Amino acid sequence: MSFFISDALAEGGAAAGQQADFTGLIFMIGLFIAFYFLLIRPQVKRAKEHKKLTESVAKGDEVVTGGGLLGKVVETNDSFVTLEIAEGVEVKIQRQSVASLVPKGTIKAN
Numbered sequence: 006m007s008f009f010i011s012d013a014l015a016e017g018g019a020a021a022g023q024q025a026d027f028t029g030l031i032f033m034i035g036l037f038i039a040f041y042f043l044l045i046r047p048q049v050k051r052a053k054e055h056k057k058l059t060e061s062v063a064k065g066d067e068v069v070t071g072g073g074l075l076g077k078v079v080e081t082n083d084s085f086v087t088l089e090i091a092e093g094v095e096v097k098i099q100r101q102s103v104a105s106l107v108p109k110g111t112i113k114a115n
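Residue 6 is where the sequence shown starts when you use the working numbering, and the numbers rise one by one after that.
Put into structure tokens, the structure is as follows:
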């Protein structure tokens with residue numbers, strides 16, 4: 006009797022294996038789509054926003070750097086920005102290290 010059961014399982018195993026392969030493929034595609042919308046797309050959006058921010062930095066803007074320096078933009082060129090972080094103290098930083106713009110007058114308030 007047990008030899009009939011093993012024959013029946015052997016015949017049905019091929020169809021189940023094909024369906025398992027298809028299910029695995031669907032799962033992998035779904036996982037990739039989830040990663041794209043949850044991780045990749047938001048990161049690309051943030052990178053575009055940061056690039057737009059760094060390109061819009063102009064003389065007179067008050068900024069915070071990635072390292073936490075707060076200063077007023079004195080001079081800009083293609084890849085560097087010169088900040089005045091205290092009276093008579095200027096620091097030259099890379100344009101990409103500007104983290105955010107702050108409202109004008111923030112430096113005077115502190």
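Positions of the beta carbon are idealized from the N, C-alpha and C atoms, including for glycine. Keep in mind it's a predicted model, so treat the numbers as computed, not measured.
Could you tell me whether any non-hydrogen atom of the ligand GDP is closer than 7 Å to the CB of K57?
-> Ligands in the displayed structure: none, and consequently the ligand GDP is not present.
Measure the CB-CB distance between E95 and V79 and report whether it falls below 8 Å.
-> Yes, the Cβ-Cβ distance between E95 and V79 is below 8 Å.
Return the chain-ordered ranges of every alpha helix (DSSP H) run that is complete within the region 75-115 and spans a minimum of 4 residues.
-> With a minimum length of 4 residues, the continuous alpha helix (DSSP H) runs that stay inside the region 75-115 are 111-114.
Whole-angstrom distance between Q48 and E67, CA atom to CA atom = A straight-line Cα-Cα distance of about 25 Å links E67 and Q48.
Skipping 5 residues on each side, what residues in its chain have a beta carbon closer than 7 Å to that of T59?
-> Counting only Cβ-Cβ distances below 7 Å, and skipping sequence neighbours, we find R100, Q101 and V103.
Does DSSP put V62 in a helix, a strand or coil?
-> In the structure shown, the three-state DSSP call for V62 is coil.
Which residue from S105, G110 and I34 puts its Cα closest to that of G72?
-> If we check each option's Cα against that of G72, S105 comes out closest.
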